[in-house]
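Taking it in order: structure first as structure tokens, then the write-up.
Chains as they are written, first to last, in our numbering: chain A, 1 to 456; chain P, 457 to 912.
See below:
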């Protein structure tokens with residue numbers, strides 16, 4: 001037996017509810033603070049940006065949040081996603097490990113992002129919203145929201161980091177095919193954008209700036225709201241369909257993970273695969289080692305400070321407690337654009353502080369080595385972001401080989417790399433380098449964190 | 457109910473055999489002729505190019521050809537592929553038609569091509585072959601054979617039409633990621649290539665030239681064989697997994713197609729979806745209307761001559777009877793590179809002559825209109841080749857609307873367009889035009905067909 005085995009659930013097994021880790025946390029999440037008063041924000045503070053259903057999902061302590069049927073109907077196009085046993089990769093590594101991967105690249109836009117784009121579009125449509133604004137870096141999130149907007153009949157304006165807009169015209173073309181409007185950020189459409197352009201007319205943009213622009217546009221209009229593709233609790237909540245399906249599929253395989261590996265940028269694909277397993281553990285189930293893999297050039301979990309910070313560069317968002325490199329930190333331009341964010345999802349940061357997960361950082365060339373090995377063995381070409389998870393899983397499998405033990409390793413292959421071929425071309429041409437962030441810039445960004453006195 | 461419904465078979469339902477239409481044909485296929493003697497070729501004539509298992513599959517009259525287990529094991533990664541009911545597209549069209557599509561873009565390389573690349577690599581490996589040579593136009597076939605070579609440990613040399621090599625660097629990067637060697641054709645590696653380059657040093661290449669190069673290289677070496685991605689009987693045979701699964705899935709949907717639509721270049725994806733249904737009809741089952749959709753700029757079925765012709769430009773192949781525009785005909789450079797071939801699969805041509813199928817031709821801008829409408833409704837971005845099938849299906853659905861009748865329309869969405877985004881960008885920028893072939897060139901190419909006296 002030399003090949004992959006696929007574990008497929010039929011569509012009746014699409015989860016009927018999202019799993020909320022908040023219900024099982026040994027210690028509650030810190031509150032989200034108003035940037036002016038430093039008091040906890042209430043639902044009304046967020047109402048200009050999000051529909052009430054999503055605001056309530058942000059704070060609920062209920063364990064199970066029912067998935068509306070129209071959302072499950074759209075999920076049915078690609079869910080349940082397959083879980084694979086990577087037998088050919090195991091053989092190539094000569095490892096006794098049992099490697100499993102959940103594959104989210106089967107969605108229309110090619111990643112896990114539609115898992116939350118679809119319900120976000122649905123709840124906004126229900127609330128009478130006409131247009132959504134958002135930001136995108138690599139374009140995975142923007143194209144997913146564009147798809148969801150097309151399904152529910154919402155206009156979508158995507159502020160795309162200018163350097164990506166110029167370098168990734170194909171992602172932009174995909175968004176436009178779905179009918180979205182794509183604007184290079186910083187733009188002249190917003191105050192935040194104009195302020196940046198006044199300083200530097202050819203500014204390459206950043207995710208933090210694009211968030212400011214999208215938030216500003218949404219806050220100004222009654223019929224327009226904002227959608228975020230990661231970080232927030234409700235986004236992570238929606239992604240738990242991934243881990244819930246994986247639990248059922250591991251059961252089909254008659255196995256259970258000893259280790260779960262996920263890559264982390266904002267934290268949503270990681271949370272998606274991890275939270276259902278972690279919840280089971282917290283309720284007395286089997287303990288699982290959990291490893292977050294992040295880029296060494298933007299290492300929020302391994303080098304950031306756990307502190308209250310803004311989610312954007314323009315300081316329009318509330319303050320959230322997270323591992324952050326500082327909202328003014330600009331990561332080097334490595335290829336995994338989806339992992340180039342200064343902060344981390346508060347829930348992921350919280351469980352890291354509670355000692356429930358580990359984190360490790362790798363440079364991109366090692367991640368591409370792993371990704372190419374994976375593609376040659378398994379046939380699927382991973383996105384640069386997903387290559388970090390592949391690298392983490394291979395490291396775990398090699399540890400098994402060294403120790404001569406067989407462990408079950410599960411990782412989330414969060415998307416394909418079909419729109420990232422320039423990165424693979426650079427890799428084969430030897431043009432891919434490992435970029436280091438500027439230590440002085442990091443120190444300055446951390447020194448600039450807002451000073452928040454926390455209640456005991 | 458506004459969305460797609462997916463019909464999924466579990467992996468035990470991957471067909472156990474390929475279906476051979478030759479067993480049910482009312483009139484046998486014309487023989488393949490030796491280009492020198494014009495006598496039917498025997499297995500030994502083909503042995504320098506193909507392993508004996510594939511040569512026998514080329515001529516067998518058996519109805520069911522068992523699929524080797526190692527091939528089914530690899531198929532399991534993405535097969536059975538999903539069949540969808542296109543409810544959102546139906547709604548957008550306002551048609552009473554029931555539109556179903558089989559989606560082959562879920563394979564590792566993104567099209568139906570691995571269905572035959574995998575068994576071809578398997579049988580060659582079994583026969584002790586070390587290297588496969590092949591040609592590729594758009595790159596769908598080259599990347600599929602590269603994938604199959606990686607799985608079975610065979611070296612793969614791909615002669616890629618030079619204009620595509622230059623314009624589609626990402627497809628080339630995918631082949632290289634799988635470990636294949638990609639050579640722009642015409643090249644200096646072969647006599648056929650050097651002969652072309654001597655005439656014109658910057659020749660853009662063509663599929664016919666690339667075939668000559670790949671065939672020449674394979675014929676020279678004992679341990680090297682040639683693999684073709686369409687046209688031949690054994691290639692069409694391997695694709696029948698598509699139609700067999702679709703039959704089971706239509707049964708799950710409690711429906712049966714009134715019309716089947718497929719796009720045709722060499723004919724393999726068309727044959728894959730059509731032959732099992734046509735075979736059932738020929739054995740006394742329900743009659744199905746079958747529509748082949750081809751590009752108006754390379755219209756072999758609608759404008760070609762049914763005659764014996766070479767499969768390549770260098771005239772290294774045997775003569776096959778098919779609808780052909782002449783082996784010297786160079787189609788204009790439209791985007792559906794996989795449909796830019798002067799000939800047609802002999803089996804597809806044969807059933808066209810028998811009146812069992814219809815054919816229609818569309819220009820590319822209309823096909824892209826259809827593809828963008830499909831993407832906005834269904835979320836999947838079709839390859840330019842597949843847009844022809846989408847266009848054909850939409851035309852059938854609009855006929856239903858006009859007539860006020862509900863018919864079941866099934867089409868094969870043979871691949872995604874993730875590596876064809878330049879075509880979509882050109883479309884949105886208004887740079888996509890409908891190219892006409894040169895009537896004088898066609899007349900000359902047809903006049904140059906080999907003169908073959910057929911036995912009565």
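Beta carbons: idealized from backbone N, C-alpha and C, even for Gly.
Since the structure is predicted, the reported quantities are computational estimates derived from the model, not experimental observations.
- Task: Check whether the Cβ atoms of residue 476 of chain P and residue 514 of chain P sit closer than 7 Å, and answer yes or no.
- Result: Position 20 of the second chain, counting from 1, holds the residue named residue 476 of chain P. Position 58 of the second chain, counting from 1, holds the residue named residue 514 of chain P. Not a contact, by the Cβ cut-off of 7 Å.
- Message: When you compare the CB of residue 828 of chain P with every CB in chain A, is at least one pair closer than 7 Å?
- Response: Walking along the second chain from the start, residue 828 of chain P turns up at place 372. True, the Cβ-Cβ gap to chain A drops below 7 Å.
- Task: Answer with yes or no whether the minimum CB distance from residue 19 of chain A to chain P is below 7 Å.
- Result: The count along the first chain starts at 1 and reaches residue 19 of chain A at position 19. No, no contact with chain P.
- Between the Cα of residue 615 of chain P and those of P:670, P:656, P:605, spot the shortest distance and give me the residue it belongs to. In the second chain, the residue the question calls residue 615 of chain P occupies position 159. Among P:670, P:656, P:605, the Cα nearest to that of residue 615 of chain P is on P:670.
- Query: Which partner residues of residue 222 of chain A appear in the DSSP bridge assignment?
  - Reply: The count along the first chain starts at 1 and reaches residue 222 of chain A at position 222. Residue 222 of chain A pairs with nothing; no bridge assigned.
- What's the C-alpha gap between residue 895 of chain P and residue 753 of chain P? To locate residue 895 of chain P, count along the second chain from 1; it is residue 439. To locate residue 753 of chain P, count along the second chain from 1; it is residue 297. Our two residues, residue 895 of chain P and residue 753 of chain P, have alpha carbons roughly 11 Å apart in a direct line.
- Query: According to the neighbour-count rule (16 or more other Cβ atoms, all chains shown, within 10 Å of its Cβ), is residue 647 of chain P buried or exposed?
  - Reply: In the second chain, counting from the first residue as 1, residue 647 of chain P sits at position 191. With fewer than 16 other Cβ atoms within 10 Å, it is exposed.
- residue 699 of chain P vs residue 726 of chain P beta-carbon contact at 7 Å: Position 243 of the second chain, counting from 1, holds the residue named residue 699 of chain P. Position 270 of the second chain, counting from 1, holds the residue named residue 726 of chain P. In this structure, residue 726 of chain P does not lie closer than 7 Å to residue 699 of chain P by Cβ.
- Message: Helix, strand or coil, according to DSSP, for residue 597 of chain P in the structure here?
- Response: To locate residue 597 of chain P, count along the second chain from 1; it is residue 141. Under the three-state reduction of DSSP output, residue 597 of chain P falls in the helix class.
- Message: Measuring CB atoms only, is the stretch 535 to 555 of chain P touching the stretch 464 to 471 of chain P, in the sense that at least three cross pairs come out at less than 8 Å?
- Response: yes
- What in chain A is Cβ-close to residue 466 of chain P, meaning under 8 Å? As a working mapping, residue 466 of chain P is identified with position 10 in the second chain. Simply 8, 10.
- Are the Cβ atoms of residue 768 of chain P and residue 668 of chain P separated by less than 7 Å? Reading the second chain from its first residue, position 312 is the one you call residue 768 of chain P. Reading the second chain from its first residue, position 212 is the one you call residue 668 of chain P. Going by C-beta atoms, residue 768 of chain P is nearer than 7 Å to residue 668 of chain P.
- Item | Short Cβ contact (7 Å threshold) for residue 240 of chain A with residue 18 of chain A | Translated into the one-based positions of the first chain, residue 240 of chain A becomes position 240. Translated into the one-based positions of the first chain, residue 18 of chain A becomes position 18. It is a contact, given that the beta carbons lie within the stated cut-off.
- Item | Rounded Cβ spacing between residue 262 of chain A and residue 412 of chain A (contact assumed at less than 8 Å) | For this step, residue 262 of chain A is matched to residue 262 along the first chain. For this step, residue 412 of chain A is matched to residue 412 along the first chain. Indeed they touch by this definition, with Cβ atoms about 5 Å apart.
- Item | Reference residue 401 of chain P, options P:500, P:849, P:511, P:504, closest by Cα | Because chain P is modelled from 457 through 912, residue 401 of chain P falls outside the range shown and cannot be assessed.
- Task: Can you give me the start and stop residues for the alpha helix (DSSP H) that residue 260 of chain A sits inside?
- Result: The count along the first chain starts at 1 and reaches residue 260 of chain A at position 260. Where residue 260 of chain A is concerned, there is no enclosing alpha helix (DSSP H), although the beta strand (DSSP E) it sits in stretches over 259 to 263.
- Query: Based on Cα-Cα distance, which residue from A:95, A:41, A:13, A:37 lies nearest to residue 406 of chain A?
  - Reply: Position 406 of the first chain, counted from the start, is the residue given in the question as residue 406 of chain A. The shortest C-alpha separation from residue 406 of chain A is found at A:95.
- Message: Extract the residue ranges of the alpha helix (DSSP H) inside the stretch 23 to 111 of chain A, only unbroken runs of 4 or more that lie entirely within it.
- Response: 43 to 46, 52 to 59, 69 to 75, 87 to 93
- Item | Near-chain A residues of the stretch 829 to 862 of chain P - C-beta to any C-beta below 9 Å | 831, 832, 833, 834, 835, 836, 837
- Item | Segment limits, alpha helix (DSSP H) that includes residue 465 of chain P | The residue labelled residue 465 of chain P in the question sits at position 9 within the second chain. Per DSSP, residue 465 of chain P belongs to no alpha helix (DSSP H) and is neither H nor E.
- Query: Distance, Cα to Cα, residue 143 of chain A vs residue 109 of chain A?
  - Reply: What you label residue 143 of chain A is simply residue 143 of the first chain in a count that begins at 1. What you label residue 109 of chain A is simply residue 109 of the first chain in a count that begins at 1. Straight-line Cα distance between these residues: approximately 6 Å.
- Task: Assign residue 561 of chain P to buried or exposed, taking buried as 16 or more other Cβ atoms, counted over all protein chains shown, within 10 Å of its Cβ.
- Result: On the second chain, position 105 is the one that residue 561 of chain P refers to. It is buried - the Cβ of residue 561 of chain P has at least 16 other Cβ atoms within 10 Å.
- Item | Contacting residues, own chain, Cβ-Cβ under 7 Å from residue 124 of chain A (five flanking each side not counted) | As a first step, residue 124 of chain A is located in the first chain; it is residue number 124 there, counting from the start. Contacts found: 51, 132, 154, 225.
- Task: Name the one or two DSSP bridge partners that residue 779 of chain P has.
- Result: Working through the second chain from its first residue, we reach residue 779 of chain P at position 323. Per DSSP, P:762.
- Of all Cβ atoms in chain A, is any one closer than 7 Å to the Cβ of residue 666 of chain P? By 1-based counting over the second chain, the position of residue 666 of chain P is 210. Chain A contact via Cβ: absent.
- Apart from the five residues just before and just after residue 126 of chain A, which ones in its own chain have a Cβ nearer than 8 Å to its Cβ? Position 126 of the first chain holds residue 126 of chain A. Correct list, in chain order: 51, 53.
- Taking 7 Å as the CB-CB cut-off, is residue 335 of chain A touching chain P? To locate residue 335 of chain A, count along the first chain from 1; it is residue 335. Not one chain P Cβ lies under 7 Å of residue 335 of chain A.
- Item | residue 867 of chain P: first and last residue of the uninterrupted beta strand (DSSP E) it sits in | As a first step, residue 867 of chain P is located in the second chain; it is residue number 411 there, counting from the start. From DSSP, the beta strand (DSSP E) with residue 867 of chain P extends over 864 to 869.
- Is the stretch 391 to 410 of chain A in contact with the stretch 283 to 295 of chain A, if contact means three or more CB pairs nearer than 8 Å? yes
- Message: If I measure Cβ to Cβ from residue 245 of chain A and keep anything under 8 Å in the same chain, skipping five residues before and after, which residues do I get?
- Response: Within the first chain, residue 245 of chain A is the residue found at index 245, counting from 1. Apart from the 5 residues on each side of it in sequence, residue 245 of chain A sits with its Cβ closer than 8 Å to the Cβ of 9, 13, 14, 15, 79, 80, 81, 83, 102 in its chain, given in chain order.
- Message: Using a Cβ-Cβ distance cut-off of 7 Å, determine whether residue 276 of chain A contacts chain P.
- Response: Position 276 of the first chain, counted from the first residue, corresponds to residue 276 of chain A. No, no contact with chain P.
- Task: Give the straight-line distance between the Cα atoms of residue 129 of chain A and residue 223 of chain A, rounded to the nearest whole angstrom.
- Result: As a working note, residue 129 of chain A is residue 129 in the first chain. As a working note, residue 223 of chain A is residue 223 in the first chain. Going from the Cα of residue 129 of chain A to the Cα of residue 223 of chain A covers about 5 Å.
- Whose C-alpha, out of A:272, A:255, A:309, A:307, is nearest the C-alpha of residue 286 of chain A? Position 286 of the first chain, counting from 1, holds the residue named residue 286 of chain A. Of A:272, A:255, A:309, A:307, the residue nearest in Cα terms is A:255.
- Nearest candidate by alpha-carbon position, reference residue 429 of chain P, set P:684, P:624, P:619, P:596: Since the displayed chain P opens at 457 and closes at 912, residue 429 of chain P lies outside it and no answer follows.
- Item | Backbone CA spacing between residue 138 of chain A and residue 591 of chain P [nearest angstrom] | For the purposes of this step, residue 138 of chain A is taken as residue 138 along the first chain, with counting starting at 1. For the purposes of this step, residue 591 of chain P is taken as residue 135 along the second chain, with counting starting at 1. For residue 138 of chain A and residue 591 of chain P, the distance between alpha carbons rounds to 33 Å.
- Message: If the cut-off is 8 Å on Cβ atoms, which residues from the stretch 665 to 690 of chain P count as contacting chain A, listed in chain order?
- Response: none
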